[in-house]
Amino acid sequence: DAKTTQPPSMDCAEGRAANLPCNHSTISGNEYVYWYRQIHSQGPQYIIHGLKNNETNEMASLIITEDRKSSTLILPHATLRDTAVYYCIVRSNDYKLSFGAGTTVTVRA
Amino acid sequence: ETGVTQSPTHLIKTRGQQVTLRCSSQSGHNTVSWYQQALGQGPQFIFQYYREEENGRGNFPPRFSGLQFPNYSSELNVNALELDDSALYLCASSFPGLAGVTEQYFGPGTRLTVT
């Protein structure tokens, strides 16, 4: 699976949009971009995934650049409960998720 | 809530002992994956079971073994426990989609402490 690069941490104001970047310059054509988050001491929670089109669900939006070398997860209206570690994962038609260090997002009131 | 349950929640064992952790998958999911998460790190893939067979394995020694039962629940067994086995053990269930890629839903984990 291709490697991903994320900033180690970022702050966000409550009620504002949080934009979480992820670089995956070695991504190949059959690899998907997945996002998970992990709130302290809980299991990771699936957020969203995409191949090349932008995706939106009730939790977030995923914007993938045209060359697919990077993506952005957008939390449209961050709340204090969105404070978590966010993992960007590139995954092929494979059985495992390869987690990196992720981005620690702190939402401040 | 994902519908994936794990037991026990916490466990303390002594070095050299053996431990069994249990996982019940979400209804309708026939695939279970196990991950180890050391403090301050991301989860690391241990292995996956699909229809009672091991379907892939990460870089873990043979003393980490597993089982999947006909109802798709699963066990993770660790023999000869070492201090470095202290971690949060996560179970995730999934159902392979048409493209073979699908999201995995995680349980709350079992916190294992080896002394």
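Protein chains in written order, with the working numbering: chain A, 95 to 203; chain B, 1270 to 1384. C-beta atoms are modelled at their ideal positions from N, C-alpha and C, and glycine is treated no differently.
Which of helix, strand or coil DSSP assigns to residue i
i: B:LEU1381; result: strand
i: A:ASP176; result: helix
i: B:LEU1350; result: coil
i: A:ILE190; result: Note that residue 190 of chain A is Lys in the sequence shown, not Ile. Reduced to three states, the DSSP call for A:LYS190 is coil.
i: B:ARG1326; result: strand
i: B:GLU1344; result: strand
i: A:LYS97; result: coil
Alpha carbon of residue i to alpha carbon of residue j, nearest angstrom
i: A:GLY137; j: A:TYR180; result: 12 Å
i: A:CYS116; j: A:GLU160; result: 14 Å
i: B:GLN1286; j: B:SER1334; result: 14 Å
i: B:THR1274; j: B:ASP1354; result: 21 Å
i: A:TYR126; j: B:LEU1280; result: 36 Å
i: A:ALA112; j: A:THR200; result: 10 Å
i: B:TYR1358; j: A:ALA203; result: 32 Å
i: B:THR1278; j: A:PRO101; result: 32 Å
i: A:PHE193; j: B:SER1276; result: 23 Å
i: A:ILE157; j: B:ARG1320; result: 35 Å
Beta-carbon spacing of residue i, residue j below 8 Å
i: B:SER1362; j: B:THR1283; result: no
i: B:GLN1317; j: B:ASN1328; result: no
i: A:TYR128; j: A:HIS143; result: yes
i: A:SER103; j: A:THR177; result: no
Spatially closest choice to residue i from the options, by CA coordinates
i: A:ALA172; options: A:GLY109, A:SER186, A:TYR128; result: A:GLY109
i: A:LEU145; options: A:THR177, A:ILE133, A:HIS134, A:LYS163; result: A:LYS163
i: B:GLN1313; options: B:GLU1372, B:GLU1321, B:CYS1360, B:PHE1338; result: B:CYS1360
i: A:ILE183; options: A:GLU152, A:ALA111, A:SER165, A:LEU174; result: A:SER165
i: A:ARG131; options: A:ILE121, A:ALA154, A:ARG202, A:ALA111; result: A:ALA154
i: B:LEU1352; options: B:PRO1331, B:THR1382, B:SER1343; result: B:THR1382
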